[in-house]
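**Q** Counting in the numbering used here, the sequence shown runs from 100 upward without gaps. Glycine included, each C-beta is placed from N, C-alpha and C at the ideal position. Could you have a look at this structure, given as structure tokens, before my questions?
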Amino acid sequence: AWRKFSAKEFTTKDQFESEVVKHIETTLARSLFNCDEAAAYAGTALAFRDRLVIEWNRTQQRQTFADQKRVYYLSLEFLMGRALDNAMLNVQQKDVATAGLEDLGFRMEDIISQERDAALGNGGLGRLAACFLDSLATLNYPAWGYALRYRYGIFRQEIVDGYQVEVPDYWLDFNPWEFPRHDVTVDIQFYGEVRKYMDDAGKQISVWENGEVVTAVAYDAPIPGYGTKTTNNLRLWSSKASHGEFDFTKFNSGEYEASVADQQRAETISAVLYPNDSLDRGKELRLKQQYFWCAASLYDIVRRFKKSGKAWKDFSNQVAIQLNDTHPTLAIPELMRILIDQEGLEWDEAWSITQATFGYTNHTVLPEALEKWSVPLVQQLLPRHLQIIYDINLQFLQYVQRNFPKEREMLGRVSIIEESEPKRVRMAYLAVIGSHKVNGVAELHSDLIKTTIFRDFVKIYGPDKFTNVTNGITPRRWLHQANPRLSELIAAKLGGYDFLKDLNLLSKLEAFVDDKEFRKEFQEIKYANKVRLAKYTKDVHGISVNPNSLFDIQVKRMHEYKRQQLNIFGVIHRYLELKSMTPDQRKKVQPRVFFFGGKAAPGYWMAKMVIHLINQVGKVVNNDKEIGDVLKVVFLEDYNVSKAEMIVPASDISEHISTAGTEASGTSNMKFVLNGGLLIGTCDGANIEITREVGEDNIFLFGNLSEDVDDLRHQHFYGDYVLDPMLAAVFASIRSGTFGDAGQFSALVDSIVDHGDYYLVSDDFKSYVDTQKLIDETYKDQEVWLTKTITAVSRMGFFSSDRCIDEYAEMIWNVEPLPPQQNG
Ligand code: 26Y
């Protein structure tokens with residue numbers, strides 16, 4: 100049967116089956132007699148891969164021939180999750196495959212869950228990059244992503260005795276979605292020294308000599324768009340030793356082990372994703388990763404541009420490069436080095452090309468997350484780049500001096516070089532200076548960066564250099580794929596799936612808010628999604644939860660600023676209240692399950708302590724016979740993208756409760772509302788715009804505002820600090836050993852009681868508890884609740900990453916879509 104294999108779309112399930120069988124028998128060299136789920140997944144993935152590859156090649160060819168600007172999205176993180184379901188959706192052949200797999204004795208769900216997540220990211224920033232790739236392809240923008248091919252993605256989290264344990268995530272055993280390009284390599288230089296000499300024309304030339312060389316090898320993955328043939332490319336660089344398998348000099352002189360060690364050292368560069376998402380550690384290997392990836396990507400981009408035969412003045416008409424945070428900022432001095440040292444351009448021309456090419460997206464105002472590289476380290480690893488950075492700084496400071504002669508103190512403040520010991524390169528300043536546009540990721544955040552970290556730069560460059568692009572999410576993965584039944588219900592009401600490409604069409608749902616049948620189905624779908632999460636909770640964690648309870652979910656990286664501690668203290672408060680009630684009183688309380696999930700950076704012991712406290716509270720509460728179903732606490736192990744697809748559709752309420760002014764945007768807030776859940780949140784990040792869109796009645800806001808945070812912090816240290824009395828009772832309970840040895844949690848409690856409560860947990864506690872009460876009351880009237888959720892869903896159109904990408908294209912990149920020909 101497999102001889103029927105053809106490159107065209109499989110139109111029948113028989114054809115699909117024969118292709119799966121062919122791949123299992125030939126590509127995998129396995130007998131059909133021991134075809135397990137893993138083999139069936141592999142066969143299915145390879146069959147769909149064949150479909151993608153053809154349009155991928157065509158798209159690349161079309162983009163090469165079109166005389167048009169391309170976007171390059173440089174991100175050290177792409178948190179892709181699984182690819183098969185997405186591929187089936189985009190190729191629109193999932194039904195055929197489901198029927199075919201059934202014939203072969205498999206359930207689609209089981210096959211999909213065989214795939215390992217591609218977890219090449221920490222959290223929001225990495226997932227945003229993945230949503231952007233989906234939208235870029237769907238909207239037909241000619242765009243490439245560039246990143247590193249980590250052998251180990253973000254660690255797997257295991258919970259042992261209530262503590263987080265990190266387990267390496269080796270994910271490349273079988274990855275059908277990548278194509279090694281052993282012919283696409285770039286040699287990358289490190290260390291060495293710079294020699295200057297005069298050429299015949301008397302011009303000074305800089306040469307970067309000696310040092311060591313590591314080779315970058317390209318691995319490509321296809322990125323299909325939804326409902327379009329456009330299939331873009333994600334290029335990941337892998338590092339290897341530069342002289343083939345072995346260094347033969349060493350090999351021949353008997354230093355076999357040393358030569359193998361060299362090879363391993365080279366491979367270390369792309370070995371592992373750094374698991375910190377908010378604390379800059381300044382490690383040499385991380386700097387090596389950044390340069391290795393920037394240099395390989397720029398070489399690739401420049402090589403492609405030069406093939407077009409155009410003049411350098413056209414570079415920024417052909418190329419837009421977006422810097423996802425400061426991680427790729429070395430691309431700025433690297434492009435300068437290429438243009439000046441290798442292509443012979445004058446400084447001024449090189450600089451205007453560079454500025455016109457780059458855009459920079461800022462994702463944080465937290466000082467501890469802002470990257471600063473030690474000058475001695477940069478000097479040693481990248482001597483020529485340090486010179487260029489100093490030259491950029493000199494030109495910039497001269498400009499500032501000319502334009503603001505009376506403000507001499509400003510020079511020290513805005514200098515790229517921080518005069519610390521040792522001196523450090525402020526990467527965010529370099530990124531601002533080297534880019535033509537700087538954007539934040541939600542309105543409040545974009546305003547904040549203009550008044551805090553980049554305040555002086557607004558004065559220097561004027562306000563137009565700074566802009567806002569509010570984040571978005573792809574409705575393909577976060578509605579259709581994660582919640583197929585809801586997507587189907589919406590399609591039935593709106594007369595098709597156009598809303599997946601134009602999310603503003605959701606507004607038409609509002610007309611059905613009183614439609615009995617629709618309401619009933621909407622509610623049933625939510626219930627079914629809760630049942631699914633309840634089953635998972637029972638199967639994996641052994642905890643029984645009642646799906647009729649209010650499901651309250653907080654899933655995100657563990658961080659003090661995100662305030663999972665506020666949530667768990669609220670849970671303890673609730674537990675103490677329940678314990679003080681009579682059984683009759685308790686019966687009247689709205690039952691609730693608190694779900695938590697998220698990884699802590701391995702060295703972030705305060706975040707790990709919060710994980711431990713959550714687990715300890717769960718142990719006590721879940722086993723308290725008096726409490727029963729009225730209160731449950733679950734910590735979901737190893738939160739990741741594929742688990743999010745199951746968890747997000749199951750929420751009634753989700754928590755987005757960061758200290759005001761600290762969460763740049765948040766993106767899971769958007770996912771939860773889109774799936775029919777309401778939010779409890781602070782006036783922070785995109786919560787503010789979600790409120791504007793869905794209306795104040797359809798969100799539960801609480802807490803202090805960002806403009807009051809500084810004063811409150813000041814008061815904590817210099818005024819009378821009064822701990823909230825309810826929170827004091829919570830701490831008394833912890834101290835009395837209710838949740839195990841109190842000493843384990845003393846640093847957490849002390850950070851609030853004795854060390855200034857930097858994240859304002861006490862200040863916001865009462866407001867938080869009151870708002871949770873209001874939620875309990877509101878939920879009791881299921882009709883009112885349902886109206887709020889449906890209304891909110893219908894108003895979420897703005898938060899599509901398609902809108903977001905169109906804004907980048909227009910305001911920052913100046914690129915146009917390149918739609919495929921109808922019959923091409
Ligand atoms: C420098 C290094 C330690 C570092 C590595 C990763 C620093 C930061 C990060 C990741 C940051 C991140 O994920 N930021 C989040 O970006 C989202 C997308 O814009 C925002 O929604 C979210 O508020 C922000 O915390």
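Looking at the ligand 26Y, does it come within less than 7 Å of N221, judged from the CB to the closest heavy atom?
**A** It does: the Cβ of N221 is within 7 Å (strictly closer) of some heavy atom of the ligand 26Y.
**Q** Grouping DSSP H, G and I as helix and E and B as strand, with all else coil, what is E118?
**A** In the structure shown, E118 sits in a helix (DSSP, three-state: H, G or I).
**Q** T197 by DSSP, collapsed to three states: which one?
**A** Here T197 sits in helix by DSSP.
**Q** Nearer than 7 Å: is that true of the beta carbon of D376 relative to any heavy atom of the ligand 26Y?
**A** It does: the Cβ of D376 is within 7 Å (strictly closer) of some heavy atom of the ligand 26Y.
**Q** With DSSP as the reference, identify every bridge partner of S337, one or two as the case may be.
**A** According to DSSP, S337 bridges with V316.
**Q** With burial defined as no fewer than 16 other Cβ atoms inside 10 Å of the residue's Cβ, what is the status of T681: buried or exposed?
**A** By the 10 Å Cβ count, T681 comes out exposed.
**Q** Taking one C-beta from the segment 214-234 and one from the segment 901-908 each time, how about it: are there three or more such pairs within less than 8 Å?
**A** Yes, the segment 214-234 touches the segment 901-908.
**Q** Which partner residues of T870 appear in the DSSP bridge assignment?
**A** According to DSSP, which records beta bridges pairwise, T870 is partnered with nothing at all.
**Q** Verify whether the separation of the beta carbon atoms of S341 and E366 is less than 8 Å.
**A** Cβ atoms of S341 and E366: not closer than 8 Å.
**Q** Are there 16 or more other CB atoms within 10 angstroms of the CB of F816, so buried, or fewer, so exposed?
**A** Exposed, because fewer than 16 other Cβ atoms sit within 10 Å of the Cβ of F816.
**Q** Any heavy atom of the ligand 26Y inside 7 Å of the beta-carbon of E659?
**A** The answer is no for E659.
**Q** Report whether the distance from the Cβ of S764 to the nearest heavy atom of the ligand 26Y is below 7 Å.
**A** Checking every heavy atom of the ligand 26Y against the Cβ of S764, one is found closer than 7 Å.
**Q** Could you tell me which whole alpha helix (DSSP H) segments of length 4 or greater appear in the segment 669-693?
**A** If we require 4 residues or more, the alpha helix (DSSP H) runs fully inside the segment 669-693 come out as 682-686.
**Q** Taking one C-beta from the segment 137-151 and one from the segment 305-316 each time, how about it: are there three or more such pairs within less than 8 Å?
**A** Counting Cβ pairs under 8 Å, fewer than three are found: no touch.
**Q** Could you give the C-beta distance for I911 and G571, rounded to a whole number, given that I count them as a contact under 8 Å?
**A** Contact flag wrong, Cβ pair sits at about 15 Å.
**Q** If S643 sits next to K637, beta carbons under 8 Å apart, how far is it from one beta carbon to the other, in whole angstroms?
**A** Right, the Cβ-Cβ distance comes to about 6 Å (below 8 Å), so this counts as a contact.
**Q** Is it the case that the CB of D233 approaches a heavy atom of the ligand 26Y more closely than 7 Å?
**A** D233: no, Cβ never under 7 Å from the ligand 26Y.
**Q** Please name the residue, chosen from S850, V860, A530, V540, that lies closest to P824 on a Cα-to-Cα basis.
**A** For P824, the nearest C-alpha among the options comes from V860.
**Q** I need the DSSP call for W307, collapsed to helix, strand or coil.
**A** Of the three classes helix, strand and coil, the one that applies to W307 here is strand, per DSSP.
**Q** Do T463 and the ligand 26Y come close, with the Cβ less than 7 Å from some heavy atom?
**A** Yes, the beta carbon of T463 sits closer than 7 Å to at least one heavy atom of the ligand 26Y.
**Q** In terms of alpha-carbon separation, which member of A317, Q256, I253 lies closest to D282?
**A** Measuring from the Cα of D282, the nearest candidate turns out to be A317.
**Q** Quick check on this structure: which residue in L800, I589, V692 has the alpha carbon closest to the alpha carbon of I779?
**A** Nearest of L800, I589, V692 to I779, Cα basis: L800.
**Q** Hey, V119 and A146: beta-carbon distance below 8 Å or not?
**A** Against a cut-off of 8 Å, the Cβ pair of A146 and V119 comes out as a contact.
**Q** Given the structure, does G784 come close to the ligand 26Y, in the sense that its CB is under 7 Å from one of the ligand's heavy atoms?
**A** Yes - the ligand 26Y has a heavy atom lying nearer than 7 Å to the Cβ of G784.
**Q** Can you check which of these residues, L175, D299, G855, G204, is closest to A249 by C-alpha distance?
**A** Checking the displayed sequence, the identity of residue 249 turns out to be Tyr instead of Ala. Out of L175, D299, G855, G204, L175 has the C-alpha closest to the C-alpha of Y249.
**Q** Taking the alpha-carbon of A468 as reference, which of L811, N582, V716, A700 has the nearest alpha-carbon?
**A** Measuring from the Cα of A468, the nearest candidate turns out to be A700.
**Q** Under the criterion of a Cβ to heavy atom distance below 7 Å, does L178 qualify as lining the ligand 26Y?
**A** Flag unset: Cβ of L178 not near the ligand 26Y.
**Q** Since E609 and T890 should fall inside the 8 Å C-beta cutoff, what is the C-beta to C-beta distance between them, to a whole number of angstroms?
**A** Right, the Cβ-Cβ distance comes to about 6 Å (below 8 Å), so this counts as a contact.
**Q** Runs of 4 residues minimum, wholly inside the segment 755-787: which ones carry the alpha helix (DSSP H) assignment?
**A** Entirely contained in the segment 755-787, the alpha helix (DSSP H) runs reaching 4 residues are, in chain order, 767-773.
**Q** How big is the Cα-Cα spacing for E915 and Q663?
**A** Computed Cα separation, rounded: 42 Å.
**Q** With a 10 Å radius around its C-beta and 16 neighbouring C-beta atoms as the bar for buried, classify H426 as buried or exposed.
**A** Counting Cβ neighbours within 10 Å, H426 comes out buried, since at least 16 surround it.
**Q** I believe F278 touches V266 by the beta-carbon criterion, under 8 Å. Please report the beta-carbon distance rounded to the nearest angstrom.
**A** 28 Å between Cβ atoms; not a contact.
**Q** For the segment 153-228, which segments carrying the alpha helix (DSSP H) assignment without a break, of at least 4 residues, lie completely within its bounds, in sequence order?
**A** With a minimum length of 4 residues, the continuous alpha helix (DSSP H) runs that stay inside the segment 153-228 are 183-190, 193-202, 207-211.
**Q** Just verifying my parser: in three-state terms, what is the DSSP assignment at T566?
**A** It is a strand residue.
**Q** Is it buried or exposed, L826, if we count other Cβ atoms within 10 angstroms and call 16 or more buried?
**A** Buried, by the Cβ-count rule.
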